[in-house]
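Remarks on the structure that follows.
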Amino acid sequence: MIDLPVVPANQAQRKPDWLRVRLPVGKEYAHVRGLVDEHKLHTICESGNCPNMGECWGAGTATFMILGNICTRSCSFCAVATGRPLAVDTDEPNRVANSVKLMQVKHCVITSVDRDDLKDGGSIIWAETINAIRRESPETTLETLLPDFKGNWENLARVLETRPEVVSHNLETVRRLTKEVRIQAKYDRSLECLQHVSAAGLRTKSGIMLGLGETEEDVLEAMQDLLNAGVHILTLGQYLQPTRNHHPVIDWIHPDQFSNYKQFGLDMGFKYVESGPLVRSSYHAEKHLFEI
Numbered sequence: 035m036i037d038l039p040v041v042p043a044n045q046a047q048r049k050p051d052w053l054r055v056r057l058p059v060g061k062e063y064a065h066v067r068g069l070v071d072e073h074k075l076h077t078i079c080e081s082g083n084c085p086n087m088g089e090c091w092g093a094g095t096a097t098f099m100i101l102g103n104i105c106t107r108s109c110s111f112c113a114v115a116t117g118r119p120l121a122v123d124t125d126e127p128n129r130v131a132n133s134v135k136l137m138q139v140k141h142c143v144i145t146s147v148d149r150d151d152l153k154d155g156g157s158i159i160w161a162e163t164i165n166a167i168r169r170e171s172p173e174t175t176l177e178t179l180l181p182d183f184k185g186n187w188e189n190l191a192r193v194l195e196t197r198p199e200v201v202s203h204n205l206e207t208v209r210r211l212t213k214e215v216r217i218q219a220k221y222d223r224s225l226e227c228l229q230h231v232s233a234a235g236l237r238t239k240s241g242i243m244l245g246l247g248e249t250e251e252d253v254l255e256a257m258q259d260l261l262n263a264g265v266h267i268l269t270l271g272q273y274l275q276p277t278r279n280h281h282p283v284i285d286w287i288h289p290d291q292f293s294n295y296k297q298f299g300l301d302m303g304f305k306y307v308e309s310g311p312l313v314r315s316s317y318h319a320e321k322h323l324f325e326i
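In short: position in the sequence shown from 1, add 34, done, that's our numbering.
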């Protein structure tokens with residue numbers, strides 16, 4: 035769930051009151067905001083206008099996207115541009131590590147576009163970025179929000195060998211809607227990806243967007259599938275339509291229903307469930323560093 039600016043599907047579509055965004059406040063946020071402006075640093079938190087930016091920055095968490103901003107896939111929910119990506123920037127790991135150090139990030143989340151054009155799927159840059167951050171900021175903990183590497187598990191293993199504190203791969207939607215929402219992805223491949231992460235003995239995390247037309251039965255099935263795949267941490271948030279050309283919002287999910295899903299998830303056996311209209315993949319990421 036990469037957070038990018040949202041444009042309503044049409045003028046008549048009005049977001050419910052519970053989707054109002056809180057303005058960023060606080061000393062920690064102001065400090066990080068100043069560093070970002072002074073050094074012209076780039077985070078997905080800022081470019082995506084994430085509703086939780088103030089809270090996350092205040093807690094010392096920030097999210098960075100690597101491997102460019104052009105994706106080789108064309109998911110109907112995502113506003114990242116699709117096309118032929120630029121060549122890999124071999125200096126990117128050092129620049130990201132420098133940003134993390136300057137911002138004094140306590141918990142760093144790294145994500146990326148899909149790079150199906152590369153033989154290694156981008157896994158070499160992934161591993162180098164993690165290692166560079168560890169060299170520059172050894173006290174910083176790391177979460178990686180990974181692609182599925184098109185089922186090439188050797189590429190996934192290259193990243194897992196760096197042992198990030200949390201490894202995430204988002205299922206994004208329920209089985210019934212996957213072909214419609216994630217055109218080049220596969221539901222069972224994502225579950226297999228998560229199984230590999232869990233089998234490596236790492237904290238395993240995934241997320242689902244709601245409001246795409248799924249039923250409660252669909253959601254509970256997906257939650258059980260994720261639990262069976264070894265997922266420890268689950269995030270559930272409201273889908274927001276990036277532009278008129280993207281998948282429409284079918285339902286606005288009420289906060290009470292998000293609360294119900296949270297309780298369902300905890301009762302099922304997830305270690306953590308973050309569930310709410312404004313929840314995004316990295317929401318409360320710093321709290322997910324439990325013992326496994």
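We put the beta carbon where it would ideally sit given N, CA and C, even for glycine.
The structure presented is a predicted model; accordingly, all values stated were derived computationally and were not measured.
Quick one: what does DSSP say residue i is sitting in, helix, strand or coil?
i      : result
HIS281 : coil
ASP51  : helix
LEU152 : coil
SER309 : strand
PHE292 : helix
LEU190 : helix
GLU177 : strand
Which whole-angstrom value describes the C-beta separation of residue i and residue j, a residue pair presumed to lie in contact below a C-beta threshold of 8 angstroms?
i      : j      : result
VAL130 : ILE100 : 6 angstroms
SER157 : ARG107 : Actually they are not in contact, since the Cβ atoms of SER157 and ARG107 sit about 16 angstroms apart, beyond 8 angstroms.
LEU194 : ALA234 : 5 angstroms
PRO276 : PHE292 : That belief does not hold up - the Cβ atoms of PRO276 and PHE292 are roughly 21 angstroms apart, past 8 angstroms.
TYR306 : HIS322 : 6 angstroms
PHE298 : LEU254 : 6 angstroms
GLY155 : PRO119 : Going by Cβ atoms, the distance from GLY155 to PRO119 rounds to 12 angstroms, so no, they are not a contact pair.
LEU23  : LEU205 : Outside the modelled stretch of the chain, which goes from 35 to 326, sits residue 23, for which no answer is possible.
Taking the alpha-carbon positions, what's the residue i to residue j distance?
i      : j      : result
ASP148 : GLY68  : 31 angstroms
VAL143 : SER316 : 7 angstroms
HIS141 : THR95  : 5 angstroms
LYS135 : PRO127 : 12 angstroms
PHE98  : ILE167 : 12 angstroms
SER232 : THR196 : 14 angstroms
PRO282 : SER146 : 24 angstroms
GLU248 : PHE183 : 26 angstroms
VAL313 : ASP125 : 32 angstroms
TYR295 : GLN272 : 13 angstroms
GLU320 : ALA93  : 8 angstroms
VAL200 : PRO172 : 16 angstroms
MET137 : VAL114 : 25 angstroms
ASN165 : PRO50  : 43 angstroms
GLY102 : THR116 : 11 angstroms
When every heavy atom of the ligand HEM is checked, does at least one fall within less than 7 angstroms of the C-beta of residue i?
i      : result
PHE183 : Absent from the structure shown: the ligand HEM. Ligands present: none.
Touching by the beta-carbon criterion (3+ pairs, under 8 angstroms), the stretch 237-255 and the stretch 267-285: yes
Ranges of the alpha helix (DSSP H) found wholly within the stretch 203-287, counting only runs of at least 4: 212-215, 221-233 and 250-262
Stretch pair the stretch 174-187 + the stretch 205-217: three plus CB contacts closer than 8 angstroms: no
Inter-stretch contact (C-beta, 8 angstroms, three-pair minimum) for the stretch 243-262 and the stretch 281-298: yes
At least 3 beta-carbon pairs within less than 8 angstroms: the stretch 156-167 vs the stretch 221-238: no
Segments assigned beta strand (DSSP E), at least 3 residues, entirely inside the stretch 96-162: For the stretch 96-162, whole beta strand (DSSP E) runs of length 3 or above, ordered along the chain, are 141-146.
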